[in-house]
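Shown next, in structure tokens, is the structure this report addresses.
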Amino acid sequence: MAASPHTAAPPARFGVVIFPGSNCDADTHDAIETFAGAEGRYLWHKETRLDDLDCVILPGGFSYGDYLRSGAIARFSPLMEAVRRFAAEGGLVMGICNGFQVLLEAGLLPGAMQQNEKLKFICRLVSLKVENDQTPFTRRYRQGQVIQAPIAHHEGNYFIDEEGLAELEANGQVVLRYCDPEGEVTQEANPNGSLANIAGICNREGNVFGMMPHPERVCDALVGGTDGRGVFDSIIDSVRERSGR
Amino acid sequence: MKAKVYITPKAGILDPQGLTIERSLPALGFEGVSNVRVGKYIELELPDGEGAGESLERMCRKLLANPIIEDFEYELIEE
Numbered sequence: 000m001a002a003s004p005h006t007a008a009p010p011a012r013f014g015v016v017i018f019p020g021s022n023c024d025a026d027t028h029d030a031i032e033t034f035a036g037a038e039g040r041y042l043w044h045k046e047t048r049l050d051d052l053d054c055v056i057l058p059g060g061f062s063y064g065d066y067l068r069s070g071a072i073a074r075f076s077p078l079m080e081a082v083r084r085f086a087a088e089g090g091l092v093m094g095i096c097n098g099f100q101v102l103l104e105a106g107l108l109p110g111a112m113q114q115n116e117k118l119k120f121i122c123r124l125v126s127l128k129v130e131n132d133q134t135p136f137t138r139r140y141r142q143g144q145v146i147q148a149p150i151a152h153h154e155g156n157y158f159i160d161e162e163g164l165a166e167l168e169a170n171g172q173v174v175l176r177y178c179d180p181e182g183e184v185t186q187e188a189n190p191n192g193s194l195a196n197i198a199g200i201c202n203r204e205g206n207v208f209g210m211m212p213h214p215e216r217v218c219d220a221l222v223g224g225t226d227g228r229g230v231f232d233s234i235i236d237s238v239r240e241r242s243g244r
Numbered sequence: 000m001k002a003k004v005y006i007t008p009k010a011g012i013l014d015p016q017g018l019t020i021e022r023s024l025p026a027l028g029f030e031g032v033s034n035v036r037v038g039k040y041i042e043l044e045l046p047d048g049e050g051a052g053e054s055l056e057r058m059c060r061k062l063l064a065n066p067i068i069e070d071f072e073y074e075l076i077e078e
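Just so you know, the sequences run in chain order U and S. Using numbering that gives the first Met the number 0, the first residue of the first sequence is number 0, and each one after it goes up by one. Using numbering that gives the first Met the number 0, the first residue of the second sequence is number 0, and each one after it goes up by one.
Structure (structure tokens):
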């Protein structure tokens, strides 16, 4: 029996960054390994060679102890210079939770994170509305779809100035919003005070994406659900399409 | 040369810590207090010489403060 083109395709290659203080690196790596079309390797924060990779993921945690501000120190690691070049060349970069904070501090995504409005660490499942299903990270979902994923953060209160927000909205860069289970974007459904209920954004080019919720924690029906698998499936599809695999 | 850096949430940005403190003060009998803003204070020592102020300004912009959400002020203290 001839192999289908799909099974013959080489896997999408993911790199999962480990900063001192990252703590979702193993979860993210293990989630990646559950996809037939993907393989993952760890990236130590001193590494600078990324040319074997299709996608770099900055995982959750408390990089460098979250000293000064979340993500403020991690952006100076040797690896981040390489990530900057990787992104500039069109490579896919995703930041989850603390990884999102690092991308903001590094200026790879616009805006900044503040402490949650109620000043509490929040760890619970939230509903998210997919606002843009055309990005390389969300193409497996459909616009308006409601998915569930857990958040676990103290600084997830996204802020950008008025002009910046208008630009994000106009360019479809708001990818995920906190919503109620019916998909209504309401103030009550906003867990942390985030501006315009923003839970995830991408850059203008669409190849850098940050989200506060944890898709890697909802990749297994036995533990929490499978709504996060679409993010990884989307990336794998995008990589295949780009490389003509 | 010593320097003192004061970092505060930008005007117009909600400061939940400041608000909480502001709302607590009347309970202790301190009425009429407003505009409480909670920030950070950083002390540091700079190499002596010209350009210390300029160098400190850049440090604030690049690392000590996040200009998107924070304002900063500093003092240089000649010994």
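We put the beta carbon where it would ideally sit given N, CA and C, even for glycine.
Range of the contiguous beta strand (DSSP E) that encloses residue i
i       : result
V4(S)   : K1 to P8
D70(S)  : E69 to I76
V37(S)  : No beta strand (DSSP E) holds V37(S); DSSP gives it neither H nor E.
L91(U)  : L91 to I95
Q113(U) : A111 to Q113
G20(U)  : Run containing G20(U): none; DSSP gives neither H nor E here.
V207(U) : V207 to M210
Under 9 Å by beta carbon: chain S residues contacting residue i
i       : result
F208(U) : In chain order: nothing, as chain S lies at least about 19 Å away.
Anticipated Cβ contact below 8 Å, residue i with residue j, distance rounded
i       : j       : result
T47(U)  : A81(U)  : 4 Å
E104(U) : R68(U)  : 7 Å
G14(U)  : L49(U)  : 6 Å
V230(U) : F99(U)  : Rounded, the Cβ-Cβ distance is 13 Å, inconsistent with contact.
G20(U)  : S62(U)  : 5 Å
G224(U) : M211(U) : Contact flag wrong, Cβ pair sits at about 17 Å.
V125(U) : P190(U) : 6 Å
I56(U)  : P109(U) : About 20 Å; that fails the 8 Å criterion.
L27(S)  : G52(S)  : So it is not a contact: roughly 40 Å between Cβ atoms.
E215(U) : T27(U)  : 4 Å
Cutoff 9 Å: residue i Cβ touching any chain U Cβ
i      : result
N65(S) : yes
G46(S) : Strictly speaking, residue 46(S) in this sequence is Pro, with Gly absent from that position. No - not a single Cβ of chain U is within 9 Å of the one on P46(S).
T7(S)  : no
L55(S) : no
L62(S) : yes
V4(S)  : no
T19(S) : yes
Contacts of residue i in chain S (Cβ-Cβ under 7 Å)
i       : result
Q133(U) : Chain S residues near Q133(U): none, gap ~27 Å exceeds 7 Å.
A111(U) : N65, I67 and I68
R68(U)  : N65
Per-residue contacts from residue i into chain S (C-beta, under 8 Å)
i       : result
L251(U) : Outside the displayed range of chain U (0 to 244) lies residue 251(U), so it cannot be described from this structure.
Range of the contiguous alpha helix (DSSP H) that encloses residue i
i       : result
V55(U)  : Premise fails: V55(U) lies in the beta strand (DSSP E), C54 to L57, not in any alpha helix (DSSP H).
R84(U)  : P77 to A87
L55(S)  : A51 to M58
L164(U) : E161 to A169
L63(S)  : No alpha helix (DSSP H) contains L63(S), which DSSP labels as neither H nor E.
R176(U) : From DSSP, R176(U) is part of no alpha helix (DSSP H) but of the beta strand (DSSP E) over V173 to C178.
A198(U) : That residue, A198(U), is in no alpha helix (DSSP H); its beta strand (DSSP E) goes I197 to C201.
G17(S)  : P15 to S23
I12(S)  : Here I12(S) belongs to no alpha helix (DSSP H), and DSSP marks it neither H nor E.
Neighbour flag for residue i against chain S, beta carbons, 9 Å
i       : result
I159(U) : yes
A195(U) : no
E80(U)  : no
A71(U)  : yes
M0(U)   : Because the pLDDT of M0(U) is 46, which lies under 50, any placement of that residue in the model is unreliable, and the number read from its coordinates should be weighed accordingly. Chain S contact via Cβ: absent.
E46(U)  : no
E104(U) : yes
Chain-ordered chain U contacts of residue i [CB-CB under 9 Å]
i      : result
S15(S) : A small fix is needed here, since residue 15(S) is Pro in this sequence, not Ser. Here the neighbours are Q113, Q114, N115, E116, K117, L118, N156 and G192.
I12(S) : Q113 and F158
For residue i, the residue or residues it bridges with in DSSP
i       : result
H152(U) : I121(U)
D219(U) : G224(U)
E38(U)  : R12(U)
W235(U) : As written in the sequence, residue 235(U) is Ile, which differs from the Trp given in the question. Its beta-bridge partners do not exist; DSSP assigns none.
E42(S)  : K3(S)
K128(U) : V145(U) and R176(U)
G60(U)  : S21(U)
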